[in-house]
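The structure appears right after this line, and notes come after that.
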Amino acid sequence: MTLQEGQRVKLAADLRLTDPIEVSGTVIGILSLAADTAGTVEEVVQHLREDADVREYERLTSLLDSYGDAMPPESRKQLKEKIGALRPAWVAFQEQGPLVTVRVRFDNGLILDASPQDLYDPT
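Letter by letter, the sequence shown follows residues 54 to 176 of this note's numbering.
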């Protein structure tokens, strides 16, 4: 489920934001947000996670679709073999879907940007 702008959410689990903070050699604490801290989604961003194999698969299948009929049989066969070798990367890309990150303004005033939507539960 993709979150939407303006939607109320709460943290699904405790979230540690910093490592131990040290002042003058003394550890004074760790900054964390507690589970169930409520806020509002301000922005939703979808990122495609394409790698070189996925782009090459798209390029080669487009080439085959556009010019495959006009290619010599051996060239078409080699192209199909290359596409077949890249197919597992394409299938994995299709299964994973886009990475969705959100910007949330919590009721306490803290803003958490570019965080995965899986950190939140809708309220």
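Built from N, CA and C at the ideal position, the CB exists for glycine as well.
So, for residue i: in the same chain, excluding its five sequence neighbours on each side, which residues have a beta-carbon less than 7 Å away from its beta-carbon?
i: residue 58; result: 94, 95, 96, 97
i: residue 160; result: 91, 92
i: residue 70; result: 84, 85, 86
i: residue 147; result: none
Nearest CA to the CA of residue i: which residue from the options?
i: residue 89; options: 102, 126, 61; result: 61
i: residue 143; options: 160, 169, 170, 106; result: 106
i: residue 113; options: 137, 56, 66; result: 137
i: residue 164; options: 76, 148, 85, 74; result: 85
i: residue 116; options: 104, 100, 133, 171; result: 133
i: residue 111; options: 122, 127, 141; result: 141
Taking buried to mean at least 16 other C-beta atoms within 10 Å of its own C-beta, is residue i buried or exposed?
i: residue 173; result: buried
i: residue 120; result: exposed
i: residue 157; result: buried
i: residue 56; result: buried
i: residue 82; result: exposed
i: residue 162; result: exposed
i: residue 76; result: exposed
Taking the C-alpha atoms as reference points, what is the distance between residue i and residue j?
i: residue 72; j: residue 63; result: 23 Å
i: residue 80; j: residue 74; result: 6 Å
i: residue 118; j: residue 129; result: 11 Å
i: residue 175; j: residue 149; result: 22 Å
i: residue 200; j: residue 123; result: Coverage of the chain is limited to positions 54 through 176, which leaves residue 200 absent and any answer about it impossible.
Excluding the 5 residues preceding and the 5 following residue i in the sequence, name in chain order all residues of the same chain whose CB lies nearer than 6 Å to its CB.
i: residue 102; result: 152
Which residue marks the beginning of the alpha helix (DSSP H) containing residue i, and which one marks its end?
i: residue 102; result: From DSSP, residue 102 is part of no alpha helix (DSSP H); its letter is neither H nor E.
i: residue 142; result: 126-149
Spatial neighbours of residue i within its chain, please: C-beta separation below 8 Å, excluding the five flanking residues on both sides.
i: residue 67; result: 85, 86, 87, 88
Going by DSSP, what residue range makes up the beta strand (DSSP E) through residue i?
i: residue 83; result: Element bounds for residue 83: n/a, residue is neither H nor E.
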